[in-house]
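Worksheet: one structure, shown below.
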Amino acid sequence: MKQHLNLLPIQLRRRTLLRTRLRQWGFIWATMCAVAILLLGRSWYVLSAAYGDLATWERRASGVQAVHEQNERLRVQIEGLRRRLAKYGDLNSEQIGLKLLATVSQSSAKTSGSHQIQKLSFNQTLVADAPVHATPNAATTATPPKTREVRALVLSGVAKSNITIAEFVSTLRDSGVFQKVDLKSSQGNKTNTKGPRQYQVECTF
Numbered sequence: 001m002k003q004h005l006n007l008l009p010i011q012l013r014r015r016t017l018l019r020t021r022l023r024q025w026g027f028i029w030a031t032m033c034a035v036a037i038l039l040l041g042r043s044w045y046v047l048s049a050a051y052g053d054l055a056t057w058e059r060r061a062s063g064v065q066a067v068h069e070q071n072e073r074l075r076v077q078i079e080g081l082r083r084r085l086a087k088y089g090d091l092n093s094e095q096i097g098l099k100l101l102a103t104v105s106q107s108s109a110k111t112s113g114s115h116q117i118q119k120l121s122f123n124q125t126l127v128a129d130a131p132v133h134a135t136p137n138a139a140t141t142a143t144p145p146k147t148r149e150v151r152a153l154v155l156s157g158v159a160k161s162n163i164t165i166a167e168f169v170s171t172l173r174d175s176g177v178f179q180k181v182d183l184k185s186s187q188g189n190k191t192n193t194k195g196p197r198q199y200q201v202e203c204t205f
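Each residue of the sequence shown is one higher than the one before, starting from 1 at the first, in the numbering used here.
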């Protein structure tokens, strides 16, 4: 076994050992700093990406919030319009009723004989139109009929004679308020054909 004898001075050996240790620790610290910088860089990248995602979600959330607020404003406007339309519908119905009563009253006043309206009723029904037949070359033979709303004012009363009833019906037709005025019945005393007669008139509008 060989043995080496270090003949260098003790101070030189100490300085050499110190430089060696300093280089070793410098390398270790440099490696640790590099690893720390890499970890910090990765953490910064992840944090930046998280901030980017957060900003994206905030923009999306602000858009959703804006849409929600707009929908709420539209809902309030729609409710207001519904209330206004309901008021206008009620007002329109009242105006139509007043107009019909005024027309009937004026028509009754224009008759020459005595005349009395005993009952006034309002009917509202759905009537199906006649089906429209297709041409022979068409695949189907007929189109389903459409329905429409028919409103009618039915007047029942007593008049002095048939002439008075005829004048009343003619005046209702000439008023232009009704689409059609039909005399449904006219009945009197069987023993006295010239006496008072009960009638029923249907006015469609």
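Note that the Cβ used here is the ideal one computed from N, Cα and C, for glycine as well.
Out of Leu-98, Leu-101, Val-154, state which residue places its alpha-carbon closest to the alpha-carbon of Phe-122. Val-154
Close-in-space but distant-in-sequence residues of the same chain around Glu-69 (CB under 6 Å, 5 per side omitted): Cβ neighbours of Glu-69 beyond the five flanking positions: none.
Shortest alpha-carbon distance to Gln-179 belongs to which of Leu-98, Pro-9, Phe-205, Ser-114? Nearest to Gln-179 by alpha-carbon distance, out of Leu-98, Pro-9, Phe-205, Ser-114, is Phe-205.
Restricting to runs no shorter than 3 residues, where is the beta strand (DSSP E) found entirely within the segment 102-182? 115-128, 147-159
Please state whether the Cβ-Cβ distance between Arg-148 and Val-127 is less than 8 Å. yes
Just to confirm, is the Cβ distance from Ser-236 to Phe-168 under 8 Å? This structure gives no information on residue 236, because the portion of the chain shown stretches from 1 to 205.
Using three-state DSSP, classify Gly-63 as helix, strand or coil. helix
With DSSP as the reference, identify every bridge partner of Glu-202, one or two as the case may be. Val-154, Asp-182
Spatially closest choice to Asn-189 from Val-35, Ser-175, Val-177, Asn-162, by CA coordinates: Asn-162
Cβ pair Ala-152, Glu-79 closer than 8 Å: no
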